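Note that numbering that gives the first Met the number 0 numbers the sequence shown so that position 8 is 7, with each residue one more than the last.
Just so you know, even glycine gets a beta-carbon here, dropped at the ideal spot from N, CA and C.
On a predicted model such as this, the values are computed, not experimentally measured, just so you know.
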Amino acid sequence: MTNIDVVLKDMMAIDGASGAALVDYNSGMALGMLGSSKSLDLQVASAGNTEVVRAKMRTMEQLNIKDDIEDILITLTGQYHIIRPVSGRKGKGLFLYLALDRNRANLALARHQLKRIEEIVEV
Numbered sequence: 000m001t002n003i004d005v006v007l008k009d010m011m012a013i014d015g016a017s018g019a020a021l022v023d024y025n026s027g028m029a030l031g032m033l034g035s036s037k038s039l040d041l042q043v044a045s046a047g048n049t050e051v052v053r054a055k056m057r058t059m060e061q062l063n064i065k066d067d068i069e070d071i072l073i074t075l076t077g078q079y080h081i082i083r084p085v086s087g088r089k090g091k092g093l094f095l096y097l098a099l100d101r102n103r104a105n106l107a108l109a110r111h112q113l114k115r116i117e118e119i120v121e122v
């Protein structure tokens, strides 16, 4: 099992997870995807969230903000979408994307678990 497979499996083990992807935001391509929801197209989500990450990074650069992005949270009425850029040289240019069912997920715990998972990403 590759590291990407382990990362995706760990992400899907988070309570309420309905879709997970590891995405290269330079190309917008998903390196791996895993999901249990037929209504969530992870290819489209990966490409679309690439634009979200790029826009936020451009804005931070224009504002001369030197902090790193921990995560980006998109809250929908029925879902949470978490985008977590991977830090460290082994994951530079990548982000984790996790879609959660809002009724089954614990957002604080999911963010904590995603941070732990980010630390094992190797590509």
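Check: When we look at the beta-carbon of residue 87 and count the other beta-carbons within 10 Å, is it buried (16 or more) or exposed?
Finding: exposed
Notebook entry, point to check: Closest to residue 4 by CA distance: which of 15, 16 and 20 is it?
Noted result: Of 15, 16 and 20, the residue nearest in Cα terms is 20.
Check: Do you know offhand how far residue 61's Cα is from residue 117's?
Finding: Straight-line Cα distance between these residues: approximately 27 Å.
Check: What three-state label does DSSP hand residue 17 in the structure shown?
Finding: strand
Note to self: Relative to the C-alpha of residue 15, which candidate in 102, 84 and 64 has its C-alpha closest?
What the structure shows: 102
Notebook entry, point to check: Should residue 92 be labelled buried (16 or more other beta-carbon atoms within 10 Å of its own) or exposed?
Noted result: exposed
Item checked: Of the residues 45, 47, 68 and 46, the one placed nearest residue 56, counting alpha carbons only -> Nearest Cα to residue 56 within the set 45, 47, 68 and 46: 68.
Check: Expressed to the nearest angstrom, what Euclidean distance is found between the alpha-carbon atoms of residue 43 and residue 35?
Finding: Residue 43 and residue 35: Cα-Cα distance of roughly 15 Å.
Check: Along the chain, where does the alpha helix (DSSP H) that runs through residue 47 open and close?
Finding: 41 to 61
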